[in-house]
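Asker:
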Amino acid sequence: MVEQGQTSLAGQRLGAPETLGISTLEPGHKPPAMPPGRLVPIRVLLLDDSEEIFDISHRASGRVLFETVCLHLNLIEGDYFGLEFQSHHRKMVWLDLLKPIRKQITRPKHTVLRFVVKFFPPDHSLLLEELTRYLFALQVRQDLASGRLTCSDASASLLVSHIIQSEIGDFEETQCRQHLLNTNYIPDQMALMDKIMEFHHKHIGQTPAESDYRLLEVASRLEMYGIRLHPAKDREGTKLSLAVAHGGVLVFQGHNRINNFNWSKIRKLSFKRRRFLIKLRADPSNINQDTLEFLMASRDCCKMFWKVCVEYHAFFRLFEEPRPKPKPVLFSRGSSFRFSGRTQKQVIDYVKENEFKKLPFDRKHSRVQYNSSLSPLRSAQHQVPNQAVKQSWEGSFLVSSEDSAIIRPCGNSSPSTQRNGCSDQTYPSQEDSRSPAAKQQPVDRAEVTCALVNGHAEDCRGATPSPLISPMLNDTGAIRTDDEEDNRRKNCPTDNAYCIAKELLCTERTYLKDLELITVSFQGVLDKEDCVPEALKTLLSSTYEPLHSHHTHFLQELEERLSLWEGPCSTEVKGEMQRIGDLLLKSAQELKALSGQLQMISECVFALERACVASRRLECVCREFELQKVCYIPLNVFLLSPLHRLLHYRQILDRLCKHYPPTHTDYSDCRAALDDVCELEAALRPGLEQIENYQKLLELQKDLIGVEHLAVAGRQLIRLGCLSKLSGKGLQQRMFFLFNDVLLYSTRGITSANQFTVHRQLPLHGMTIRESEDEWGVPHSFTLMVQQQSLVVAACSESEMEKWMEDLKMAVDMAEECNGLTADLLSTSKDVKSSGASEVVESEDDLCGSRTSLPRNGNNSGNTLNRGNTTAHVCWHRNTSVSMLDFSIAIENQLSGNLLRKFKNSNGWQKLWVVFTNFTLFFYKTHEDEYPLASLPLLGYSVTHAGESENIHKDHVFKLHFKSHIYYFRTESEYFFERWMTVIRSATVSASRTRYLNRTEPD
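Number 560 in the UniProt record's numbering belongs to position 560 of the sequence shown; there are no gaps in the numbering.
1) Among residues of its own chain, excluding the 5 on either side of phenylalanine 554, which ones have a beta-carbon nearer than 6 angstroms to its beta-carbon?
2) Exposed or buried, serine 935, counting other C-beta atoms within 10 Å across all chains shown (16 or more means buried)?
3) Have a look at leucine 700 and glutamate 892 and give me their C-alpha separation to the nearest angstrom.
4) Measure from the alpha carbon of histidine 88 to the alpha carbon of each residue in Gln139, Asp300, Pro35, His230, then state which is nearest.
5) Consult DSSP for alanine 987 and reduce its assignment to one of helix, strand or coil.
6) To which residues does DSSP link tyrosine 968 through a beta bridge?
7) Decide yes or no for the touch test of the region 40-56 against the region 64-75: beta carbon pairs closer than 8 angstroms, at least 3 of them.
8) Would threonine 988 and valine 943 qualify as a contact pair, given that the criterion is a beta-carbon distance under 8 angstroms?
9) Distance check for phenylalanine 315 and glutamine 344, CA to CA, integer angstroms please.
10) Looking at leucine 97: is its Cβ nearer than 8 angstroms to the Cβ of arginine 63?
11) Touch check for the region 719-731 and the region 802-810: three-plus C-beta pairs under 8 angstroms?
12) Which value, in whole angstroms, describes the spacing of the CA atoms of lysine 303 and glycine 341?
13) For asparagine 693, report the span of its alpha helix (DSSP H) as first-last.
14) What is the DSSP secondary structure of proline 208, reduced to helix, strand or coil?
15) Does the region 546-565 come close enough to the region 499-510 that 3 or more CB-CB pairs lie under 8 angstroms?
16) For the alpha helix (DSSP H) holding valine 44, just list the boundary residues, first then last.
17) Out of Asp143, Leu698, Leu680, Pro661, point me to the one whose CA is closest to phenylalanine 606's CA.
18) For phenylalanine 916, which of Ser949, Arg985, Ala872, Ser973 has the nearest alpha-carbon?
19) DSSP three-state call for arginine 561: helix, strand or coil?
20) Can you give me the C-alpha to C-alpha distance between serine 220 and aspartate 774, rounded to a whole angstrom?
21) Which partner residues does threonine 768 have in the DSSP bridge list?
22) Our contact map puts valine 882 next to leucine 939 with C-beta atoms below 8 angstroms; I'd like the distance itself, whole angstroms only.
23) Please report the straight-line C-alpha distance between leucine 717 and leucine 318, rounded to a whole angstrom.
24) With a cut-off of 8 angstroms, do at least 3 Cβ pairs link the region 673-688 to the region 644-658?
25) Using 8 angstroms as the threshold, is the region 157-168 in touch with the region 237-254, meaning 3 or more CB pairs across them?
26) Grouping DSSP H, G and I as helix and E and B as strand, with all else coil, what is methionine 296?
27) Nearest by alpha-carbon distance to glutamine 589: which of Lys629, Gln523, Glu679, Leu229 is it?
28) Given a threshold of 16 other Cβ atoms within 10 Å of its Cβ, counted over all protein chains shown, does valine 613 qualify as buried or as exposed?
29) Would you give the residue range spanned by the beta strand (DSSP E) that alanine 245 belongs to?
30) With the cut-off set at 8 angstroms, would you say leucine 149 and tyrosine 225 are in Cβ contact?
31) With DSSP as the reference, identify every bridge partner of tyrosine 924, one or two as the case may be.
32) Give me, in chain order, the residues of the same chain whose beta-carbon lies closer than 6 angstroms to that of serine 615; leave out the 5 immediate sequence neighbours on both sides.
33) Skipping 5 residues on each side, what residues in its chain have a beta carbon closer than 6 angstroms to that of alanine 137?
34) Taking only three categories from DSSP, how would you classify serine 152?
35) Short of 6 angstroms in beta carbon distance, which residues of its chain neighbour isoleucine 227, apart from the five on each side in sequence? Order them along the chain.
36) By how many angstroms is the C-alpha of arginine 281 removed from the C-alpha of glutamate 844?
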């Protein structure tokens, strides 16, 4: 029996002492307040089939019992769960958290409540805790056994194979067969035993935590995942079933879904007696009636389903818990029910913003001797075919946990309205009900991590688990490598020439993988599409395949040379092998022969954009490809990577020439190679600057709603970032985009793709800028005056204000000289300014102006396939800005290699392959991985040496710090320590124009 105020030990939780996992509940967490009154024992059946008795005051509300159960389990993400029990009508109903228990359960001593999953998110990677995923896996196990989760034989076999992998460990035929004979997971299991064992054999080495993750990944794609059917009939008397999911209300006939009413299409949900009513939004293209009626078994059944719909809508669609309705003075009509608890977004933000101490938990059914704090989830690809990700977070870009702390809810939701004795739920108007993560589209990915690299796990959905604390890279799974890493370093050369060669090898590996994305992955996708012009296919293949062939051979030579450099051999051979100038000279000469291909790269970008404009289908193909995890940065950046690589060769050769004395045997080859690369770079640089600006304009065009013809000849991006606009309501965060002819400002929209909605454009011709801190009393503020109108804005710091004012004054001077650019960028299309106006008014009347996480209208609302990790989104979350000069510096400062990572409160180091590009660190297990497992945007971070007071007793350690979030990284030598510090500083500190023009090249 668990009494109030008594917290069970982690080792006693969920029944079994054999296997440990990790939870994140702070041990000092206080139990819920217990109202006075006699204690009543209440039995709760947990998901592992164990039963606990809780002594609860007979006056306590349902929330007290629910929080007591969550505390007993050390469960932070408890909002996904609920308590259900059998009513006196023998119907399973949910315990209302706001009502006293005694008013819901007439005989508490004889009633058993079941602790089960209530809300099933579309993307399992949004479950940030291992304990939560374990409980979800137990729920899937129960649903499979009961027949509630129906699926094909192949899917059922795969699901069971993951379950038994977590319970008995690696495949051993006799043990596996005996276990399946003794334990029944699915109906008719004997017929599928061989198939289950075949799948189980493929999971060797998979930990219980990883098995849970894979199990949920497969289950979340099934049509019946999380579905609870409620019997009903339509107007013709046909027997149907209703269900509610994250995306809306579903209609089933048997176990086949026959209709789906998206939240964005639903105007109102209500019930009257036995009739359940769905009122749809007006749609001229819909010839069916706008109100659908279903007849359910009783009024109680109807009301119960209506309540579940209200809760699902609020949990998945709202930013924050709805406010309670004011009580009527005289009498009330209809139901006063409302959703109580945190929304999904609040749960994700709460877990990510707080650092909880990790506690072990037990896996009752598992026999595996495994401690999840010692072994990570693996990144190896598995047998699941497709991954549905397009994120609720978005995120997600996959942002670090501190980003969510900056995201503020946009508004409050209002309660449902009641009239004439029937209760209804009203929804705001939106174009699309689902965030990208919620859209179940097949994507060619092996697994989910925050997508989430492409950021669709941050707002959903976006977002997304914190990078560096993702299922694949969490510290609890880090293998301690201190001793073996130290021993390996002692055996490696420490000469700077070797370190420079090692940097060349590491970055070449990343570059070749980027080339393969174009020549293999992207061209493979285009070859399957009829909408792609043959001329475009020929252009891409003739440009990139020769480059790919050249760099493949060059990488092979580099790897062979470095292995000889590191390995034991005679002094004479070592002297000949400890050089790379000859390889670089040979490569530079071959690249000069490929200058025709390099010059065609800009044309490839232009041709692809023209083809996308001409073909809507091709545009969608490219957008979908960009959302795949292998495409971790914008597609056009991959296309331009051969031009960027020349800059890296020049820097590496320059460092080698400065390191070697002129008499060194390798100096002459390095100098000759440097001359060849500089000659080639000089010929290509003017075109590179033009195409880089064009690529940034195209990226912004996808991020902005309400502008047209942004990427035109002559327009140049100068700076983008956050400023606070002063208005009658105070300071309001706005996103500003400065070009050489116009200044745009916007807010981050509430669209499913989190695009920025442009509010206004300010022409630069005739604009004046002055500081106004003394005038308005707002720190770091300045005033923009144009056409007898003024706009007062404030930067987050004095340095940010200086950079904005410097660039604004330069842009005004440029605007005086440029002519012919489009004067009005704001879209005048009907679907931006007038579309859906009536629906907006109607929605605001019903909801009192409440806002949700998805769009109401917008010129891009029909296409939500947009990246969520672009630089503009990072600037918005970090309240900072970047200039085109920062982008130029970032192109030159790219780096790849192994780093050891450590959290602030962890004990050991984990080895990761890290790629730094586009102001972001991307994390892999090894350089052979196909896609990054997590990412960390560095804008806003500071990088410093680890101090002595921080108890880091290792050499070559640097610290990344943002607010309360601290990460330590350790390099293998002094050279790489300085290199990582240099390139990361280029991303964490935005360059002013004066500093950039006066800067010197690093040695």
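Every residue, glycine too, gets a C-beta built ideally from N, C-alpha and C.
Quantities reported herein were computed from a predicted structural model and do not represent experimental measurements.
Answerer: This is what the structure holds:
1) Ser587
2) Classification for serine 935: buried.
3) Straight across, the Cα-Cα distance linking leucine 700 with glutamate 892 is about 22 angstroms.
4) Asp300
5) helix
6) Lys902, Lys959
7) Yes, they touch.
8) yes
9) 6 angstroms
10) yes
11) yes
12) 20 angstroms
13) 667-703
14) helix
15) The way I'd put it, the region 499-510 does touch the region 546-565; three or more beta-carbon pairs between them come closer than 8 angstroms.
16) First-last for valine 44: 39-45, but that is the beta strand (DSSP E), not the alpha helix (DSSP H).
17) The residue from Asp143, Leu698, Leu680, Pro661 with its alpha-carbon nearest to that of phenylalanine 606 is Leu698.
18) Arg985
19) DSSP places arginine 561 in helix when its eight states are reduced to three.
20) 57 angstroms
21) Met785
22) 7 angstroms
23) 35 angstroms
24) Contact between the region 673-688 and the region 644-658 is present: three or more C-beta pairs spanning the two stretches fall below 8 angstroms.
25) Short answer: they don't touch.
26) strand
27) Glu679
28) exposed
29) 239-245
30) Tyrosine 225 is positioned such that its CB atom lies closer than 8 angstroms to that of leucine 149.
31) Trp913
32) The answer, listed in chain order, is Cys531.
33) Same-chain partners within the cutoff: Asp212, Leu215.
34) coil
35) Ala243
36) Legend: pLDDT at glutamate 844 = 27, less than 50; position of this residue unreliable, value from coordinates given subsequently. Looking at the two C-alpha atoms, the distance is approximately 14 angstroms.
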